[in-house]
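4 protein chains.
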Amino acid sequence: MENQSESLEKIKIDSLEEILGKKFPVLDNGFVRVIDYMGGDESIVQAARVSYGKGTKKVNEDRGLIRYLLRNFHTTPFEMCEIKLHIRVPMDTWRQWIRHRTANVNEYSTRYSLAIDSTQKTDSNEWRFQAVDNKQGSEGFFDNTIGIKLSEREEELQQFAREIYQERLQLGVAREQARKDLPLSTYTEAYWKIDLHNLLNFLALRMDSHAQLEIRSYANVIGNEIVSKWCPIAWEAFKDYRMNAMSFTALELQIMKQIFAGSQHEAKKLAEEFGWLNKIEGKLSKNRERIEFEGKLETLGLKKPWE
Amino acid sequence: MENQSESLEKIKIDSLEEILGKKFPVLDNGFVRVIDYMGGDESIVQAARVSYGKGTKKVNEDRGLIRYLLRNFHTTPFEMCEIKLHIRVPMDTWRQWIRHRTANVNEYSTRYSLAIDSTQKTDSNEWRFQAVDNKQGSEGFFDNTIGIKLSEREEELQQFAREIYQERLQLGVAREQARKDLPLSTYTEAYWKIDLHNLLNFLALRMDSHAQLEIRSYANVIGNEIVSKWCPIAWEAFKDYRMNAMSFTALELQIMKQIFAGSQHEAKKLAEEFGWLNKIEGKLSKNRERIEFEGKLETLGLKKPWE
Amino acid sequence: MENQSESLEKIKIDSLEEILGKKFPVLDNGFVRVIDYMGGDESIVQAARVSYGKGTKKVNEDRGLIRYLLRNFHTTPFEMCEIKLHIRVPMDTWRQWIRHRTANVNEYSTRYSLAIDSTQKTDSNEWRFQAVDNKQGSEGFFDNTIGIKLSEREEELQQFAREIYQERLQLGVAREQARKDLPLSTYTEAYWKIDLHNLLNFLALRMDSHAQLEIRSYANVIGNEIVSKWCPIAWEAFKDYRMNAMSFTALELQIMKQIFAGSQHEAKKLAEEFGWLNKIEGKLSKNRERIEFEGKLETLGLKKPWE
Amino acid sequence: MENQSESLEKIKIDSLEEILGKKFPVLDNGFVRVIDYMGGDESIVQAARVSYGKGTKKVNEDRGLIRYLLRNFHTTPFEMCEIKLHIRVPMDTWRQWIRHRTANVNEYSTRYSLAIDSTQKTDSNEWRFQAVDNKQGSEGFFDNTIGIKLSEREEELQQFAREIYQERLQLGVAREQARKDLPLSTYTEAYWKIDLHNLLNFLALRMDSHAQLEIRSYANVIGNEIVSKWCPIAWEAFKDYRMNAMSFTALELQIMKQIFAGSQHEAKKLAEEFGWLNKIEGKLSKNRERIEFEGKLETLGLKKPWE
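Written out as structure tokens, the structure reads:
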């Protein structure tokens, strides 16, 4: 196994060592940097071969094996890689981040130390509208005139909050209590350690277009700048088999079979049975599953069998 | 097993059913209430007996078994009890709470809905001084004159923050972004589900005198008002064997042996070797381990073998 | 929310209460039975509404909500349901089962008690051939003549193993050591408690056709006999969106777009680039990804664009 | 922080690098070896300092910090160290090992590959008697005459089991089924990856005198040969504050206070109230808590206040 894995390992070291400790900036004052790591593509192979009780043969077999494992949900070998990141992130984003429970965390303590004197400031061209169709999303940006006003008001609030924090500390209020009204935009820092399998789960959710822009910015950096260098083969497989894959539900598959059999009519009948084609005042009413399916058909270059 | 467990179960139901759904107030506007639970003292016994492959014999044996299990770190039977709480808690406290990873959580979403219009307000007599000896603690309260001023200033800030939040929403800023400068004192709500073993770990840490007053208030309610009724025997054992137990380190044990052997001199010599009695300008310098040990000796009514 | 959830809850109770405690037989002497449960479809809805901060409106909205959550990987509300099973299972199967780490377990102890006097016996018509294409699978059954011989030999071994176990115990050998040569076919028992989200993950892997027949038999009972009654709406969604869904990789999607655009030639060219159409002595060599894709095309009633 | 941590790191590398990959034999044919590791004492310090937001000052402060963290259950910095072991272990021992859920595991697959042709054989002088007082323990060894007989019988069984396994494979029985009657003494192998905090929990339980001799042998090697070199300061703290510490329950503390106050009579009265001194036919009946306490008093060189 030696020769092969050594070469996989060499590729990784060459590219990851270059970025070790390097701060990748995110948002206006956040960052992500790699503190340490253990393993890489070669460890996935190595762990899988323990299960299979076999030695490695050829270079391209390693790539094939990693891709096979990822495609078929053989997730345990991916847990054999571990990475430790140092991140600086607004508390608001951290509130989402920390919901991923399978990681090791040491966060900067504002009980013990003064809160970091930095808040995430939204630039005048970064204010986003509430999405109309997605109750938990945003879409489009405010024009700069309103943006400037919004940013000014934010600045006022952030400064006032800091002023109050300082007042309290000068009077001798305990740090653990003085911090209670800091804005969620206040930056915090943490060491965050996680294995590759759970990191990919994190990325699948947080690089998704439905994730909030802020955490997505961090996820994109971690994925595209770090994992891509750390475990390039696993990363490629992740994109091919998970990020850019498309899943069809049992209901969608039934309809597609009718489409491919040339039975547009039957396809439409199924959709009606599923309640996808209900109408209100003669117009198709909003139906999430139908809309999702129409999107998939469009991606594939297929026409929808209704209308 | 039937008769016995039925009676254990009856005791529980009588006392827990009374509080099911009842809101226990915490802080100025928070609460804890039980939504649902599974099992109780009788399930601990039942699970342990699966391991032991035996039937129950007498009532007092159940109590003895639960106490034996807890005393000896046989933790798995305690995982067989599960409880689901509905809590309302300031985000600042929630930041500590969520660090306990072995729970199931659904938190109120301020991406999807408007932030709860309530912030935790500190009353004029509740402002605490920074502790001198404990960098992450507080001690003593401000007098009311200063307290009133501090509370007024807090009110100003919280109102301003809410005003800005409203402004943004009225302009059409996305909820996920509008919330970014809300103060950490803003209340959130969550369903929090956890098994008894992990809940006791939570309580051991958060009922401790070193835990911050705010989260301690929640932990005290959960322990004293809820677990005490849900699993009264396990709760009693937890207090006897964990909360009110005292541990002596290998170093402390060595010194104690010398004390009990009547060798005060040897005891002191050991402490010197451990570096506990270093002096600065003729005075004992601060040494955490020595101070901790002196506290334990005092509790036991023993004199320290130095000075 | 009351009326609606009450009716969901009623449906569940009617069907689940009937099977509470009932032993569902699996294999020759194993079983699964429900000891206790917490929540159901209505708790998924209830937890989701905490996140969304809204009350329920209509019956069909609950079903739609559960289906939406499952389809879109909003997994946390499913963690709010918990079930406790009592199972009897051969140690060999248990070795696979216990690999699922997110469960609470109390297993029968053969240190403390005598090993259960029962081994899983393979009937003469149940012996399976090694699969040719799948190194970790089986396919087809031996004919009865050989089967009888295999079962007889098994009986000899299992009896001899039990004899040795008894010998040791009679001599006074410690139970923890006497058990060391028991066959993996020996039955064990356990209480196994898990939340619905993690249970569905277990079922997705263990009801799959690639799972070993023995554990699949348990998974089928848990899914079809228990979860289907406990959380019927979530169960239906699980089948529609997960069990019977089909995922297409980024590579497959590229080829499909060409097929639907009528460019069979381009489709084939892509497959060549992907290395799916390599030939050995003029014949397509075995390529796992191509074979998987061909299977999917067949299911959809589509022709493969090569040959 | 640089100088100091570098020197801590250097110490570790010097001693751990020497054993990297080295097989430490355990039992007759098992082993443990380090495949990879991440971090060490210096990472514990580094992570703690993220929380505290401070730089390191002096060498002895690092040692003091690690000891402080471990003594006071500040466990998260210990999660920042990770180690990957390759182990070979009888399946019977593995059944206990795998109960520790917070680890990453890749086990040798006997579905995919032939079972390892090795079983753990008990030498004639290694057979242990069932403990009288501890239902789940053993004590003392059989004399060699009986031991030889026991080992011969074991050999017969293990050979027969292997013979049947071979027979099945030669007939073409699937590996996943052929293995079903292998004895629990059959060796398996695994990669086992875990963080230092969880590893110390494992060691506290499995190095304990109540753990079964076989798994204790593995735990002793991991602790004494590996962790002691990997994180020598944390290891020393673990022994001082956990392994060799002694805890007194609330009940024991009450009695001790009376002893130290010179009130033997009151001490005895308390024990009576606790039910520790019940008599059967004029003799103290067996009471686990009393016996445990008597053991602690003896260790401290104190007399028990009864009899």
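Residue numbers (this note's numbering), protein chains in the order written: chain A, 1 to 307; chain B, 308 to 614; chain C, 615 to 921; chain D, 922 to 1228. Each residue gets a CB set at the ideal place from its N, CA and C atoms; glycine is no exception. This one's a predicted model, so the numbers in the text were calculated from it and none came from an experiment.
Minimum Cα-Cα distance from Gly30/A among the listed residues Pro232/A, Val221/A, His100/A and Leu157/A corresponds to Val221/A. When Cβ-Cβ separations below 9 Å define contact, Glu189/A makes contact with chain D.
Assigned with DSSP and collapsed to three states, Asn815/C falls in helix. In the DSSP assignment, Asp1102/D is bridged to no other residue. From the beta-carbon of Gln1133/D, the residues of chain C found nearer than 8 Å are Arg725 and Glu790. When the Cα atoms are used, Ile598/B and Gln170/A turn out to be separated by approximately 29 Å. Cα atoms of Lys84/A and Gly602/B: separation of roughly 39 Å, rounded to the nearest angstrom.
For Gln750/C, the nearest beta carbon of chain B is not closer than 9 Å to its own beta carbon. Check the Cα spacing between Leu491/B and each of Asn508/B, Thr400/B and Leu558/B: the tightest is with Thr400/B. A Cβ-Cβ distance of about 28 Å is found for the pair Ile423/B and Glu325/B, leaving them out of contact under the 8 Å criterion. Against chain A, a Cβ distance below 7 Å from Val1026/D picks out Thr76.
Flagged as an interface residue toward chain B: Ser1168/D, by a C-beta distance shorter than 9 Å. The alpha helix (DSSP H) runs of length 4 or more contained entirely in the region 875-919 of chain C are, from start to end of the chain, 878-887 and 902-914. Residues of chain D whose Cβ lies closer than 8 Å to the Cβ of Gly39/A are, in chain order, Asp957 and Lys1005. One Cα belongs to Ser209/A, the other to Arg216/A, and the distance between them is close to 8 Å. With respect to Glu461/B, Asp181/A sits close: the two C-beta atoms are nearer than 9 Å. Taking each of Trp404/B, Pro397/B and Ile351/B in turn and checking the Cα distance to His381/B, the smallest one comes out for Ile351/B. Contact annotation: the region 189-207 of chain A touches the region 64-83 of chain A, with at least three C-beta pairs closer than 8 Å.
The beta carbon of Val947/D lies closer than 7 Å to those of Val953, Ser1138, Tyr1139 and Val1142 in the same chain, with the five residues before and after it left out. When beta bridges are read from the DSSP output, Asp348/B appears opposite no residue. Residues of the region 425-449 of chain B with a C-beta less than 8 Å from any C-beta of chain C: none at all. Taking Trp844/C as the centre and dropping the five residues before and after it, the same chain places the C-beta of Lys626, Leu630, Tyr651, Gly654 and Ile697 closer than 7 Å to its C-beta, in chain order. Within the region 906-917 of chain C, Leu914, Gly915 and Leu916 place their CB atoms closer than 7 Å to a CB of chain A, listed in sequence order.
For Pro846/C, the enclosing alpha helix (DSSP H) has its first and last residue at Pro846 to Phe852. Spanning the alpha carbons of Ile405/B and Ile455/B requires a straight line of approximately 32 Å. If you draw a straight line from the Cα of Gln660/C to the Cα of Tyr415/B, it comes to about 12 Å. At least one beta carbon of chain D lies nearer than 9 Å to the beta carbon of Ala568/B. Taken atom to atom, the span from the alpha-carbon of Val971/D to that of Ile87/A is near 11 Å. Straight through space, the alpha carbons of Gln473/B and Arg482/B are spaced by roughly 10 Å. At a cut-off of 9 Å between beta carbons, Gly172/A contacts chain B.
Here Thr759/C carries a helix assignment [DSSP, helix/strand/coil].
DSSP lists Lys391/B as the bridge partner or partners of Asp343/B.
DSSP lists no beta-bridge partner residue for Tyr218/A.
In the same chain as Ala211/A, and ignoring 5 residues on each side of it, no C-beta atom comes closer than 6 Å to its own.
The Cβ of Asp369/B sits no closer than 9 Å to any Cβ of chain D.
Shown in chain order are the members of the region 191-221 of chain A whose Cβ falls below 9 Å from a Cβ of chain D: Tyr191, Lys193, Asp195 and His197.
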